[in-house]
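All residue numbers for the sequence shown refer to the numbering used here, where the first residue is 13 and numbers rise by one. Beta carbons are placed, not taken as given, at the ideal position from N, Cα and C, and that holds for glycine.
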Amino acid sequence: MLTSSMFASLWWTFAHIDTDAANRFFMSLASGANLQADDPILILRNTLMSQPHKAGRSTRDNRVRIAALTIKTWNKWHSGLPLRQLKFSAGESFPTPH
Numbered sequence: 013m014l015t016s017s018m019f020a021s022l023w024w025t026f027a028h029i030d031t032d033a034a035n036r037f038f039m040s041l042a043s044g045a046n047l048q049a050d051d052p053i054l055i056l057r058n059t060l061m062s063q064p065h066k067a068g069r070s071t072r073d074n075r076v077r078i079a080a081l082t083i084k085t086w087n088k089w090h091s092g093l094p095l096r097q098l099k100f101s102a103g104e105s106f107p108t109p110h
């Protein structure tokens with residue numbers, strides 16, 4: 013899951029691009045309400061919810077992966093594009109939000 017510090021950092025980054033969209037993005041991610049099957053936010057939400065999480069344990073690699081997946085999702089969603097598969101592979105360049 014997104015830690016509170018990761019959430020704040022990503023919201024701040026996205027809000028510098030589009031504040032209203034950043035608010036909608038994270039509200040939709042939190043609630044999951046009214047999202048279509050190919051909505052990038054729903055795919056991210058399902059991905060995050062399906063991850064086993066150990067209380068108080070988060071590896072750096074996992075935090076980097078979650079941040080990258082969230083940015084990839086934001087980029088697709090903010091561009092109005094559907095998403096079929098969400099992944100971040102080892103060796104892949106870290107995405108830049110736009």
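- A residue is called buried when at least 16 other Cβ atoms come within 10 angstroms of its Cβ; Ser40 meets this threshold and is buried.
- Going by C-alpha positions, Leu60 is about 8 Å away from Ile78.
- With respect to the C-alpha of Ala33, the residue from Ser91, Asn46 and Ala102 having the closest C-alpha is Ser91.
- Annotation: Ala45 is outside any alpha helix (DSSP H) and is labelled neither H nor E by DSSP.
- Taking the Cβ atoms as the reference, Phe19 lies roughly 11 Å from Phe37, outside the contact range of under 8 Å.
- Around the C-beta of Pro94, fewer than 16 other C-beta atoms lie within 10 Å, and the residue is accordingly described as exposed.
- Around the beta carbon of Lys99, fewer than 16 other beta carbons lie within 10 angstroms, which makes this residue exposed.
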